[in-house]
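Q: Below are the structure tokens for one structure; questions will follow.
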Amino acid sequence: MASSQTTDKGVIKPQCVICLAVLCPESLKSSQLQKHLRNKHLELADMPKEVFAHKGSQVKKQRRDSLRASLEVAWLIARNLELFSEKPAEETISTKELLRIMLINL
Numbered sequence: 523m524a525s526s527q528t529t530d531k532g533v534i535k536p537q538c539v540i541c542l543a544v545l546c547p548e549s550l551k552s553s554q555l556q557k558h559l560r561n562k563h564l565e566l567a568d569m570p571k572e573v574f575a576h577k578g579s580q581v582k583k584q585r586r587d588s589l590r591a592s593l594e595v596a597w598l599i600a601r602n603l604e605l606f607s608e609k610p611a612e613e614t615i616s617t618k619e620l621l622r623i624m625l626i627n628l
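Sequential numbering from 523 applies to the sequence shown in our numbering.
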């Protein structure tokens, strides 16, 4: 299928691995997923399931990598901030360090 799953406020919802649109929970039904695929991605409707499975694993890896990068940046900000400092958080981390984190996680 052309979907992955995501959780929104404790509710499991399908997410299209092509356009990353989060669909309503009722769309977990195979017929609803097929309908989305035909309506939004007609040119991909006849692709083998393996293509969508690969795309789904890429989406999961992208989420995991984005979360890791976000946590690393938050940790660097927390580590470099002085208590009650007037210095903005953006000045506590070098641009070079931010780019290193983001590029490693691509």
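Here a beta-carbon is modelled for each residue, glycine too, at the ideal position from N, C-alpha and C.
Evaluate contact between the stretch 568-583 and the stretch 592-601, counting only Cβ atoms and requiring at least three cross-stretch pairs below 8 Å.
A: No contact exists between the stretch 568-583 and the stretch 592-601.
Q: Taking the alpha carbon of Gln580 as the reference point, which residue from Thr529, Ser592, Met624, Cys538 has its own alpha carbon closest?
A: Residue Cys538 holds the alpha-carbon nearest to the alpha-carbon of Gln580 among Thr529, Ser592, Met624, Cys538.
Q: Considering only residues of the same chain and omitting the five flanking positions on each side of His558, which have a CB-CB separation below 7 Å?
A: Cys538, Leu545, Ser549
Q: Per DSSP, which residues does Val533 bridge with? Please list them.
A: Asp530
Q: Label Gly578 either buried or exposed according to how many other C-beta atoms from any shown protein chain fall within 10 Å of its C-beta, with 16 as the threshold for buried.
A: Classification of Gly578: buried, given that the 10 Å Cβ count is 16 or more.
Q: Report back the beta-carbon spacing between Leu555 and Ser525 to the nearest angstrom; my notes put them in contact at under 8 Å.
A: 5 Å
Q: Hey, could you find the ends of the alpha helix (DSSP H) Leu555 is sitting in?
A: 552-562
Q: Between the stretch 587-594 and the stretch 527-537, can you find at least three pairs of beta-carbon atoms closer than 8 Å?
A: no
Q: CB-CB under 7 Å to Ile623, same chain, minus the five flanking residues each way: which ones, in chain order?
A: Ala591, Glu594, Val595
Q: What three-state label does DSSP hand Val581 in the structure shown?
A: Looking at Val581 - three-state DSSP - the assignment turns out to be helix.
Q: Shortest alpha-carbon distance to Lys562 belongs to which of Ser553, Pro547, Ile540?
A: Ile540
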